[in-house]
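**Q** Okay, handing you the structure first.
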Amino acid sequence: MRENSAAAVRESAREASDPPSYRLMTTSASVPTSATDSGYGYHRQAAADQAGYTVRFGWGLSGAAALAPHSDVMVVVDVITFSTAVVVAVERGCLVYPHPWDPESALALAERLGAQVAVSRSLVSVEQPYSLSPATLSRAPSGMSIVLPSPNGSAVSAAALRGRAVVVAGSLRNAFAVARFARRAGAVISVIAAGERWPDGSLDLALEDLIGAGAIIDGLRRRRRSPEASAAAAVFRQARKQGVRQVLRECASGREQRRRGYGEELEWAAALNVSELVPVLRDGAFQAAG
Numbered sequence: 055m056r057e058n059s060a061a062a063v064r065e066s067a068r069e070a071s072d073p074p075s076y077r078l079m080t081t082s083a084s085v086p087t088s089a090t091d092s093g094y095g096y097h098r099q100a101a102a103d104q105a106g107y108t109v110r111f112g113w114g115l116s117g118a119a120a121l122a123p124h125s126d127v128m129v130v131v132d133v134i135t136f137s138t139a140v141v142v143a144v145e146r147g148c149l150v151y152p153h154p155w156d157p158e159s160a161l162a163l164a165e166r167l168g169a170q171v172a173v174s175r176s177l178v179s180v181e182q183p184y185s186l187s188p189a190t191l192s193r194a195p196s197g198m199s200i201v202l203p204s205p206n207g208s209a210v211s212a213a214a215l216r217g218r219a220v221v222v223a224g225s226l227r228n229a230f231a232v233a234r235f236a237r238r239a240g241a242v243i244s245v246i247a248a249g250e251r252w253p254d255g256s257l258d259l260a261l262e263d264l265i266g267a268g269a270i271i272d273g274l275r276r277r278r279r280s281p282e283a284s285a286a287a288a289v290f291r292q293a294r295k296q297g298v299r300q301v302l303r304e305c306a307s308g309r310e311q312r313r314r315g316y317g318e319e320l321e322w323a324a325a326l327n328v329s330e331l332v333p334v335l336r337d338g339a340f341q342a343a344g
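Per my numbering, the sequence shown starts with residue 55, numbered consecutively.
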């Protein structure tokens, strides 16, 4: 069970507002760079053990860093709410620049790009109308550039760029569209559940991201899926039987969102296959595949 301190840290992290240069972050969530890094060798080996499968699954920064060099397509899934927000904004015709959690550098990047910067939900105002909330981004004008800080989805997006793969933002909203795109875009597809962070920086395996990743993997049935990928798909199918909206409302992240007054965001996150939009990370920004 999550303690209040954990929820507070996760919420402050989730309400990021800072820009991304695609140097990998040098925070407590930094991605180790070699198999000899402390605590990393086992996970790198575990990822390598999915060799031979054309659909693979991993968790967080380490999973992305391990799978990226061996993948043609990398799908980043952060359902509450980074990847959901990216889909909504790009569907509006926006360019979305993911950025690690650092308000000052995010603002600096936005100024260089002539872009808007998404702020903490609590700081949304007439002058700063955008945040990680999909509802705010649904009102963004077409053609706008937005710097979107996020502690999890943005970091995983950066790690996914370590290889030659096409990097895609996936969510429940566009799960089938992403699966269809991925089938055409490459032979080896890796789906990464971003997860959350505990106060000590360790990875929290967020159920909503597992479900979102599984929804995409479920659309890749004719590919050779690793046991890890097949398990994620099975979790999605079970959630669909129970009702995806209800599961997201009652999972730990959903309860946290509702407790903090952001329950309406779960409706945006839980909507299944309502979008045909596939955001691809190109030149530092997520934009519509084309």
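In this text, a Cβ means the ideal position worked out from N, Cα and C, and glycines have one as well. As the structure is a prediction and not an experimental result, all values here were calculated from the model.
1. What are the boundary residues of the beta strand (DSSP E) that includes SER244?
2. Tell me which same chain residues have a C-beta within less than 8 angstroms of the C-beta of ALA189, skipping the five on either side of it?
3. Give a single yes or no on whether ASN327 has its beta carbon closer than 6 angstroms to a heavy atom of the ligand NAP.
4. Near PRO123, which residues of its chain fall below 7 angstroms by C-beta distance, leaving aside the five closest residues on each side in sequence?
5. Would ALA247 pass as an interface residue toward chain B - the criterion being a Cβ-Cβ separation below 7 angstroms?
6. Take PRO253 as the anchor and find which of LEU261, ALA219, ALA231, PRO205 has the nearest alpha-carbon.
7. What number of angstroms, rounded off, separates the C-alpha of ALA169 from the C-alpha of GLY207?
8. Quick one: give me the first and last residue of the alpha helix (DSSP H) that PRO188 is part of.
9. In whole angstroms, what separates the C-alpha of PRO358 from that of LEU167?
10. Hey, could you find the ends of the alpha helix (DSSP H) GLN292 is sitting in?
11. With PRO205 as the anchor, note down where its alpha helix (DSSP H) starts and where it stops.
12. Answer with buried or exposed for ALA214, where buried requires no fewer than 16 other C-beta atoms within 10 angstroms of its C-beta.
13. With a 10 Å radius around its C-beta and 16 neighbouring C-beta atoms as the bar for buried, classify GLN104 as buried or exposed.
14. Taking the C-alpha atoms as reference points, what is the distance between VAL301 and ALA325?
15. Quick one: give me the first and last residue of the beta strand (DSSP E) that TRP113 is part of.
16. Less than 7 angstroms separating the beta-carbons of ILE200 and ALA288?
17. Using only alpha-carbon positions, find the residue among GLY344, GLY106, VAL130 that is nearest to GLY112.
18. Express the C-alpha separation of LYS295 and SER159 in angstroms, rounding to a whole number.
19. Since I believe VAL221 is in contact with VAL334 (beta carbons under 8 angstroms), could you give me their beta-carbon distance rounded to a whole number of angstroms?
20. Does the stretch 139-153 come close enough to the stretch 260-274 to have 3 or more Cβ pairs within less than 8 angstroms?
21. Applying the 10 Å Cβ sphere with the 16-neighbour rule, what's the burial state of LEU177?
22. When the Cα of ALA229 is compared with those of VAL245, GLY240, ALA219, which residue comes out closest?
23. Let's see if you can read the secondary structure: which residues bound the alpha helix (DSSP H) around LEU161?
24. Looking only at its own chain, which residues have a Cβ that is under 6 angstroms from the Cβ of SER307, when we skip the five neighbours before and after it?
25. Cβ of ASP156 within 7 angstroms of Cβ of ALA219?
26. Please classify ARG409 as buried or exposed, where buried requires at least 16 other C-beta atoms within 10 Å of its C-beta.
27. Looking only at its chain, what residues have a beta carbon closer than 7 angstroms to the beta carbon of THR138, apart from the 5 residues adjacent to it on each side?
28. Suppose you measure from the CA of SER196 to the CA of PHE290; what does that come to, to the nearest Å?
**A** Reading it off the structure:
1. 243-247
2. GLU318, GLU319, TRP322
3. Looking at this structure, you won't find the ligand NAP or any other ligand, since it has none at all.
4. ARG216, GLY217
5. Absent from the structure is chain B; it holds one protein chain and no more.
6. PRO205
7. 20 angstroms
8. 188-191
9. As displayed, the chain neither begins before 55 nor continues past 344, which places residue 358 out of reach and without an answer.
10. 281-296
11. Unbroken run through PRO205: none, as it is neither H nor E.
12. buried
13. buried
14. 12 angstroms
15. 109-113
16. no
17. VAL130
18. 43 angstroms
19. 7 angstroms
20. no
21. exposed
22. VAL245
23. 157-167
24. ILE134, ALA260, GLU262
25. no
26. Nothing can be reported for residue 409, as the shown portion of the chain is limited to 55 through 344.
27. PRO188, SER225, ARG227, TRP322, ALA323
28. 33 angstroms
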